[in-house]
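Colleague: Under the working numbering, the letters of the sequence shown match residues 272 to 499, in that order.
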Amino acid sequence: GERSARLAPAVAQMCTDLELDPPAQPAAVEYVLRDHWHHAAAPVFYVENALINSLFGLLCWPAVFAPLPGAFFYPFQSGPADLGAPDFAQRRAAAFDACLAHLEDGSYRAVIRQRFAEKHGVQSPFVFWGTLTEPLLALALDCIPAAHLKLFFARLLRDVQANRTGLPDLVRFWPAERRYALVEVKGPGDQLQDNQIRWLQYCAAHGIPASVCHVRWRTACPATGGTA
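Pasting the structure below:
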């Protein structure tokens with residue numbers, strides 16, 4: 272209805288509704304839906320911006336930490352000082368191209384795994400060590416095709432500050448089929464933010480599996496129109 276009218280047609284088509292029992296203990300709607308869907312053959316993770324940013328940060332570590340003038344002023348700096356500058360990616364274009372070339376020949380999986388081991392716990396503006404566990408990393412590398420990673424990373428690089436956020440809440444994996452999907456979760460009364468809409472439009476335009484799930488809480492007695 273009104274919600275769909277506000278959204279671009281591509282995003283409106285990505286929206287589904289789901290009715291769930293309210294949680295016994297107060298819990299964020301994202302976790303309730305994750306638990307509802309999650310099982311061994313189809314694991315679900317609450318990742319929001321962490322997964323795509325982390326994969327990007329690991330693959331492109333040498334470019335992000337390239338010792339360019341004005342980028343680093345003291346040891347153990349968590350990221351380059353010019354991260355928010357409009358020319359951040361442009362200044363490092365050759366280094367980013369070299370990192371992204373691993374997506375073309377299939378070597379990206381080994382590179383990302385090696386960085387995950389070597390750099391584990393080292394601060395990076397892109398890598399969420401608390402979220403990126405070994406099982407999540409393994410599933411992501413098995414189920415998200417290189418062509419999709421290339422698309423995610425291209426949009427990140429187009430505007431690092433703006434596009435680091437707004438990615439969908441959940442990632443669902445079907446390991447036997449090497450398939451995945453991203454899901455933005457909205458509870459009653461929640462609206463999509465502009466940066467979320469832009470990511471969803473991008474996914475729709477490029478054939479990346481993404482959707483929006485609007486969760487409603489089931490009430491104890493259904494409304495019948497009469498008295499209870």
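Just so it is clear, CB atoms sit at the ideal spot from N, CA and C, and this is done for glycine as well.
Based on DSSP bridge pairs, tell me the residues matched to C484.
Modeller: T287, V456
Colleague: Could you tell me the alpha carbon to alpha carbon distance between T498 and A298, rounded to whole angstroms?
Modeller: Caution applies to T498, whose pLDDT of 49 falls short of 50 and renders its modelled position unreliable; the model cannot decide the point.
Colleague: When the Cα atoms are used, what is the spatial distance from L354 to Q432?
Modeller: 8 Å
Colleague: The beta strand (DSSP E) that contains W400, what's its start and end?
Modeller: Unbroken run through W400: none, as it is neither H nor E.
Colleague: Looking at the structure shown, is V442 part of a helix, part of a strand, or coil, going by DSSP?
Modeller: strand
Colleague: Which residue from T436, K457, V442, G458 puts its Cα closest to that of R451?
Modeller: Position check: residue 451 holds Tyr in this sequence, whereas Arg was assumed. Y451 has its Cα closest to that of V442, out of T436, K457, V442, G458.
Colleague: What residue range is occupied by the uninterrupted alpha helix (DSSP H) comprising Y379?
Modeller: Bounds of the alpha helix (DSSP H) holding Y379 are 379-389.
Colleague: Just tell me which of S349, D358, D461 has its CA closest to the CA of R429.
Modeller: D358
Colleague: What's the gap between the Cα of F387 and the Cα of T490?
Modeller: 45 Å
Colleague: Are A475 and V282 close, meaning C-beta to C-beta below 8 Å?
Modeller: yes
Colleague: Let me check one thing: in DSSP terms, what residues is V315 bridge-paired to?
Modeller: R443
Colleague: With distances taken from CA atoms, which of F344, A481, F367 is nearest C331?
Modeller: Selected option, being the one with the closest Cα: F367.
Colleague: Here's the rule I'm using: 16 or more other beta-carbon atoms within 10 Å means buried, otherwise exposed. How should F535 be labelled?
Modeller: In the structure as shown, the chain begins at 272 and stops at 499. Residue 535 is therefore absent and cannot be evaluated.
Colleague: If you draw a straight line from the C-alpha of H391 to the C-alpha of Y302, how long is it?
Modeller: If I take the Cα positions, the gap works out to 26 Å.
Colleague: Taking the straight line between their C-alpha atoms, what separation do you get for V318 and F336?
Modeller: 24 Å
Colleague: Drop a sphere of 10 angstroms on the beta-carbon of W470, count the other beta-carbons inside from all chains shown, and report buried for 16 or more, exposed for fewer.
Modeller: So W470 ends up on the buried side.
Colleague: Going by the beta-carbon positions, is the gap between L326 and L420 smaller than 8 Å?
Modeller: Yes, the Cβ-Cβ distance between L326 and L420 is below 8 Å.
Colleague: Using beta-carbon positions only, say whether L339 and R362 come within less than 8 Å of one another.
Modeller: The answer is yes: Cβ separation under 8 Å.
Colleague: With the cut-off set at 8 Å, would you say A279 and Q472 are in Cβ contact?
Modeller: yes
Colleague: Are N320 and T404 close, meaning C-beta to C-beta below 8 Å?
Modeller: no
Colleague: Report the option in D461, I468, L410, L412 whose CA atom is closest to the CA atom of N434.
Modeller: I468
Colleague: Is DSSP giving G272 helix, strand or coil here?
Modeller: Confidence is the limiting factor: at G272 the pLDDT is only 42, short of 50, which leaves the residue's position unreliable, though a coordinate-based value still follows. Reduced to three states, the DSSP call for G272 is coil.
Colleague: Tell me the rounded alpha-carbon separation between A369 and Y345.
Modeller: 26 Å
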